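So for the sequence shown, our numbering puts the first residue at 66; every next one is plus one.
Glycine residues also receive a C-beta, built at the ideal position from the N, C-alpha and C atoms.
Quick caveat, the model's predicted, so the values are computed rather than measured.
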Amino acid sequence: MAKKINKWIQKVGMKKGALSKQLGIPEKEDIPMTLLNTIVAATPGDTIKNPTKTGKPKYKVTRLMERRSILARNFKNISKRNKK
């Protein structure tokens, strides 16, 4: 009997490439972890300086951007665990 795979990510209704578009980074490039951590550490409404050279030099952090960054950071950690 085949094992059923739970595809919860497809049911969430995420928009593919939305964070990349919001940050001004092409979808083909990875979003740096330092940028994700900086966005998550800031409070919504703050303007942060980009610690990396990819994307725009400054960002105004919104709640949506923060939530997308947290999700992207979690997905990166999941993929790192699966490679080990």
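Assign leucine 129 to buried or exposed, taking buried as 16 or more other Cβ atoms, counted over all protein chains shown, within 10 Å of its Cβ. Result: exposed.
Look up threonine 112 in the DSSP assignment and say whether it is helix, strand or coil. DSSP, reduced to helix, strand and coil, places threonine 112 within a strand of the structure shown.
By alpha-carbon positions, which one of Lys68, Leu100, Ile90, Val105 ends up nearest to threonine 12? The structure shown does not extend to residue 12, since the chain is modelled only from 66 to 149, so the question has no answer here.
Assuming contact is defined by CB atoms lying nearer than 8 Å, are leucine 100 and threonine 112 in contact in what I supplied? no
With the cut-off set at 8 Å, would you say threonine 178 and glutamate 94 are in Cβ contact? Outside the shown range of the chain, which is 66 to 149, sits residue 178, and nothing can be said about it.
Helix or strand or just coil, what does DSSP make of lysine 125? strand
According to DSSP, simplified to helix, strand and coil, what is glutamate 94? coil
Please state the DSSP three-state secondary structure of threonine 99. Note: threonine 99 maps to helix in three-state DSSP.
Using the three-state DSSP reduction, which class does lysine 72 fall into: helix, strand or coil? coil
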